[in-house]
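Letter by letter, the sequence shown follows residues 1 to 356 of the UniProt record's numbering.
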Amino acid sequence: MPVHVLSYDTAHPGDTRHLEAALGRFAPESVRRLALLVKTEGNASVNDFSREYGMLSARQAITRFGGSNLAEGATMLFSTGCEGVISPFGYAFIDVDDGTTTPSGGEKGLVFGGACSRKVAAEEIGTLAHALLVADTVRQGMKDLAIGPDDVQLIIVKTPLLGESRADPAAARITSAFSKAVGALGAALALGEIAPEHVVPEAFDRDHSLFGRRAMVFSSSEGGNVEVLIFANRAGAASDWIIHTGGFSDLLDASGIRRTLEEAGCRLDADGTLADADTLGAAFIKAGIASNGRVRQYRTTIRTSDLDMDKHVRASMSGLAGSILGTCRMFISANTVHQAPEGAGLCAFIVRKAGA
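1. At 3 residues or longer, and completely inside the stretch 267-332: list those beta strand (DSSP E) runs for me, N to C.
2. Since lysine 143 sits in a beta bridge, which residues does DSSP pair it with?
3. Under the three-state reduction of DSSP, which class applies to arginine 214: helix, strand or coil?
4. Would you report the Cα separation of isoleucine 350 and alanine 270, rounded to the nearest angstrom?
5. Rounded to whole angstroms, what's the CA-CA distance from glycine 54 to asparagine 43? Just pull it up for me.
6. Please report the straight-line C-alpha distance between serine 117 and glutamate 124, rounded to a whole angstrom.
7. One question on the structure: do serine 318 and phenylalanine 218 come within less than 9 Å of each other, judged by their Cβ atoms?
8. Looking at the unbroken alpha helix (DSSP H) that takes in phenylalanine 65, where does it start and where does it end?
9. Need the endpoints of the alpha helix (DSSP H) that serine 179 sits in, please.
10. Is the beta carbon of methionine 142 closer than 9 Å to that of glutamine 339?
11. Tell me which residues share the same chain as histidine 244 and place their Cβ nearer than 8 Å to its Cβ, disregarding the 5 neighbours each side in the sequence.
12. Use the C-beta contact count for threonine 301: other C-beta atoms within 10 angstroms, 16 or more gives buried, fewer gives exposed.
13. Helix, strand or coil, according to DSSP, for threonine 40 in the structure here?
14. Could you give the residue range of the alpha helix (DSSP H) that holds threonine 260?
15. Rounding to the nearest angstrom, what Cα-Cα distance links glycine 99 and alanine 235 in this structure?
16. For alanine 287, tell me which candidate among Ala121, Thr175, Leu346 and Asp15 has the shortest Cα-Cα distance.
17. Count the other CB atoms, across all protein chains shown, that sit within 10 Å of the CB of threonine 40; report buried if there are 16 or more and exposed otherwise.
18. Once you ignore the five residues that flank alanine 237 on each side, which residues in its own chain have a CB closer than 6 Å to its CB?
19. Out of Arg32, Tyr8, Glu29 and Arg33, which one is the CA nearest neighbour of alanine 21?
20. Taking DSSP as the reference, what is the three-state secondary structure of aspartate 9?
21. Does aspartate 253 pass the burial test, meaning 16 or more other C-beta atoms within 10 Å, or should it be called exposed?
22. To which residues does DSSP link residue 360 through a beta bridge?
23. Just to confirm, does glutamate 197 get its C-beta within under 8 Å of one of the non-hydrogen atoms of the ligand GDP?
24. Quick check: the Cα distance between proline 196 and leucine 189, rounded to an integer number of angstroms?
25. Evaluate lysine 119 with the Cβ neighbour count: other Cβ atoms within 10 Å of its Cβ, from every protein chain shown; 16 or more gives buried, anything less gives exposed.
26. How many Å lie between serine 68 and proline 149 at the Cα?
27. Please return the same chain residues whose Cβ sits closer than 6 Å to the Cβ of proline 13, not counting the five positions on each side in sequence.
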């Protein structure tokens, strides 16, 4: 089983004790590929440095475990925002060389991989060049995994914002939502979900009839690069895991999440709760709300409150999804602009194969 899916808790953004314990299960020289996807507490503003603190601590822990080359080659995506019942935690995806060879065909199994772009120039952020760079980065990641767009089930995209340290009088400052919109259209372009002629600046966060269904995008002001983490089911991959992606219609649509779990091979009990927690390796949920702020025609204050919209959404979805999954370890991100139909969302689950 070369691909391992592990999760670990954190006591604070810089806590790596459980990460180090998870890594300690493997011989450092056997690790071919490593990725972390982490939720940290924090205010999620551009002046919140919990992500940087967490990433630095994780990089140091990986270096102690396997050296600087492993740390430099690892994909580490940290997302702030643990509102509601989301527990601060991390997923560790580890591809290990166990000495076995796998056929090129046969049953599909989980593979994962990351890619990172060059630094996005300040004047490029929020432009067509930004979207095309996202598409190129996704294509780079797919090429490295020897997969095509049809194999991809989920892409996590981290796209840059223009922080104060990169401010340029000639550069248009953009919001987090706009950066997500640009990243989402770029990913959809790479997957063939949206035609190139539709990926134009006039469509960014305006034409909500354009959307993909296999990318979850979040933005950050650190780094300045586009980073992607790709999950796919590849024929012949020696893995006990598979990933399946689905969708839901709004913040109240528990049936959409349950349907996706069942399609992935999970069993639900009579109450609609995940019956066997050991079958679930990872849960990814991207939730949003329509631009008018309504859910099933009812007015909400999600878009008009003094509390940031994304915080409302993450908290709301954490209760709904947590009641089905029976866990607080959930990677939940907000704002589905160009990532799902307006007001809808997407979810993906990594599950253990039957009999594995």
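Just so you know, even glycine gets a beta-carbon here, dropped at the ideal spot from N, CA and C.
Taking the structure as given:
1. The stretch 267-332 is shown to contain whole beta strand (DSSP E) runs of 3 or more residues at 280-287, in chain order.
2. Beta-bridge partners assigned by DSSP to lysine 143: none are found.
3. Arginine 214 falls in the coil class under three-state DSSP.
4. Computed Cα separation, rounded: 22 Å.
5. Glycine 54 and asparagine 43: Cα-Cα distance of roughly 14 Å.
6. In a straight line, the C-alpha of serine 117 is about 13 Å away from that of glutamate 124.
7. In this structure, phenylalanine 218 does not lie closer than 9 Å to serine 318 by Cβ.
8. First-last of the alpha helix (DSSP H) with phenylalanine 65: 50-66.
9. Where serine 179 is concerned, the enclosing alpha helix (DSSP H) stretches over 176-190.
10. Contact flag unset, no.
11. Counting only residues of its own chain and dropping the five nearest sequence neighbours on each side, histidine 244 has a CB closer than 8 Å to the CB of Gln153, Thr260, Glu263, Ala264, Gly265, Ala348, Phe349 and Val351.
12. With a 10 Å radius around the Cβ and a threshold of 16 neighbouring Cβ atoms, threonine 301 comes out exposed.
13. Strand at threonine 40.
14. For threonine 260, the enclosing alpha helix (DSSP H) has its first and last residue at 254-264.
15. Here the C-alpha atom of glycine 99 lies approximately 19 Å from the C-alpha atom of alanine 235.
16. Minimum Cα distance to alanine 287 is reached at Leu346.
17. It counts as buried.
18. Correct list, in chain order: Gly109 and Val111.
19. It is Tyr8 whose Cα lies nearest to the Cα of alanine 21.
20. DSSP places aspartate 9 in strand when its eight states are reduced to three.
21. Taking all protein chains in view, the Cβ of aspartate 253 is crowded by 16 or more other Cβ atoms within 10 Å, so the residue is classified as buried.
22. The structure shown does not extend to residue 360, since the chain is modelled only from 1 to 356, so the question has no answer here.
23. The ligand GDP is absent from the structure shown, which contains no ligand whatsoever.
24. Approximately 6 Å between the Cα atoms of the pair.
25. By the neighbour-count criterion, in which a residue is buried when 16 or more other Cβ atoms sit within 10 angstroms of its Cβ, lysine 119 is exposed.
26. Each residue's Cα considered, the two are about 32 Å apart.
27. So the qualifying residues of the chain are Thr40, Ser50, Tyr53 and Gly54.
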